[in-house]
Structures are given as C-alpha cells and as structure tokens.
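All remarks here apply to the structure that follows.
2 protein chains.
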Amino acid sequence: MRRTMNDTHDHGNCAVAATAEIIATKWTPLIVHDLSEGPRRFMKLEKACPGISPRTLSERLDMLERQGVLVRRSYPESPPRVEYELTEKGRALLPIIREMRKFGRSWMIDAPAKGRRASAAH
Amino acid sequence: MRRTMNDTHDHGNCAVAATAEIIATKWTPLIVHDLSEGPRRFMKLEKACPGISPRTLSERLDMLERQGVLVRRSYPESPPRVEYELTEKGRALLPIIREMRKFGRSWMIDAPAKGRRASAAH
C-alpha cells in the first residue's frame, strides 16, 4: 500500500515515538524531574518516586544511562558514594517536564473539575 | 519522619506525577499527537501507532475518555461511524507533545550521535 500520510506529520510522529521510548514509561518523568535539581543518590531518587521498588528504579536508571540521559558517578569513599546526574541530553528533556508540570497544575491538581467539562464544541 | 523536601518541588513533583498517569504510558503520546490534527476513526489511529493491538488501543481510548482528554462521538450511519476528538483538556496536552517532538528531532532522529556525547561538565 502506498503511503499517503503527510510526510511532515509522519516525521513528527516518528520523533514523538522516539521520545516516548524514553519519557513515556512509568516513573521516568519523576526521576528526570528530581535530577533537574542536581545530582542525586539512589535513596533520594527512591523518595521522589513513592511506591517504586528498588529493582524498578535500578532498571530505569540503567535505561536512562544507556540512552545517554544521565551519567552515574561513583566516588571511592567508604561506604562508596554513587550519584546520578543529567547529561546535556537529559537536560534537553526538561522543557517536556515543565509542560507536564503546567498541565498537571491546571488540569489535574488545582482544578480537577475542569476535566469533567466536555468542551469540544461543534 | 518529618518531611523536609522543598514544598514547591514537592507540589511540582505531584503535578508531574499526575500528568504522567495520562501521558507516560506506551502509545498515549502518539494517539494524542494524531488527534491533534482532527477527529479520527479507530482504524486511522491504529495506523498512527504501528504495532499496537486493537485491544490495547481500545484500552487507551477508554482511559483517555475517562480522563476527559477525548470524546467519542458516534454517528448513526450504516455502518455506524465512530470518531474520537480531543477536548479542551486534551488540547492542553499538545505543548507537551510539541516539546517531545522537538526533543526527538534534536536528540533521537536527526542527530542520534549527540546522545553519545557525555556532556555534564564538572
């Protein structure tokens, strides 16, 4: 079948899908949001994601490291200290997080009733 | 334990988490992105999400309808026509999708090598 979709849209769709691979998984926006304030240790990140299991947090951190979103730094102290820090690519995700926060404040937290307003006019 | 986290950050975290419930699930950004161009039928949305199963697409559409992000309109034709359309709340998600597209273009598609550049300077 010949592709008839608009190319620009198609390309845009592809870019959205690629970003979704990183950011549209449970907990990831919260981890990136917490790291936006500076390097964090594992336990601090755990507190930023109430309910996450240590195993899931490890998996997410591994994925984000593989994707080049964060770096893991270990300091040879006793006990050893490990911190996670956003890279330039990771910081480039922050405008997405900012828009998520704005949406959350306007539509989910401060004004939950708004969501009930069926608004699409005909 | 007394909460010592910064309140503003805490509130922001909560807003990000609430938005993540809607947008940080597989396929949802693609569905919202496709609906940003106008009302869509089920089959058209299926094409916008290559690899999605009809069952998963139904589940996502139900969730987005419950969340007030889209409305489902049926027209009494033969065969009946059903279309999905973003609400005002749904359109309020579009700045997030736009930032996701920008990130995807800069870091995932046009310049994948950038991701390899470890950049956080000390």
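Listed in order, the protein sequences are those of chains A and B. Terminal number for the first sequence in numbering that gives the first Met the number 0: 121, no gaps in between. Terminal number for the second sequence in numbering that gives the first Met the number 0: 121, no gaps in between. Cβ atoms here follow ideal geometry from the backbone N, Cα and C, with glycine treated the same way. Quantities reported herein were computed from a predicted structural model and do not represent experimental measurements.
Under 8 Å between C-beta atoms of residue i and residue j
i                : j               : result
ARG39 (chain B)  : TYR74 (chain B) : no
ILE95 (chain A)  : GLU98 (chain B) : yes
ALA91 (chain A)  : PHE41 (chain B) : no
ARG100 (chain B) : GLY50 (chain A) : no
ALA17 (chain B)  : ILE22 (chain A) : no
LEU93 (chain A)  : SER35 (chain A) : yes
Partner residues on chain A for residue i, Cβ-Cβ distance less than 8 Å
i                : result
ARG100 (chain B) : GLY11, ALA14, VAL15, THR18
Closer than 8 Å to chain B by CB, residue i
i                : result
GLY37 (chain A)  : no
LEU29 (chain A)  : yes
ARG104 (chain A) : yes
LEU92 (chain A)  : yes
ILE108 (chain A) : yes
ALA117 (chain A) : Bear in mind that a pLDDT of 40 at ALA117 (chain A), under 50, signals an unreliable position, so the number given afterwards is only what the model happens to contain. Yes, ALA117 (chain A) lies at the interface with chain B (some Cβ there is under 8 Å from its Cβ).
ARG1 (chain A)   : Residue placement at ARG1 (chain A) cannot be trusted, given a pLDDT of 37 that sits under 50; what the coordinates show is reported in the next sentence. No, because no Cβ of chain B sits closer than 8 Å to the Cβ of ARG1 (chain A).
Integer-rounded CB distance, given that residue j should sit under 8 Å from residue i
i               : j               : result
GLY89 (chain B) : VAL68 (chain B) : 4 Å
VAL15 (chain A) : HIS32 (chain B) : 5 Å
Residues that residue i contacts on chain B, provided the C-beta gap is smaller than 7 Å
i               : result
THR24 (chain A) : ALA23
Contact list for residue i against chain B, beta-carbon separation under 8 Å
i               : result
ILE95 (chain A) : ILE95, GLU98, MET99, PHE102
State whether the region 38-54 of chain A contacts the region 93-106 of chain A, with contact taken as three or more CB pairs (one from each stretch) at a distance under 8 Å.
-> no
Count the C-beta pairs between the region 21-29 of chain B and the region 63-76 of chain B that are closer than 8 Å, then say yes if the count reaches three, no if not.
-> yes
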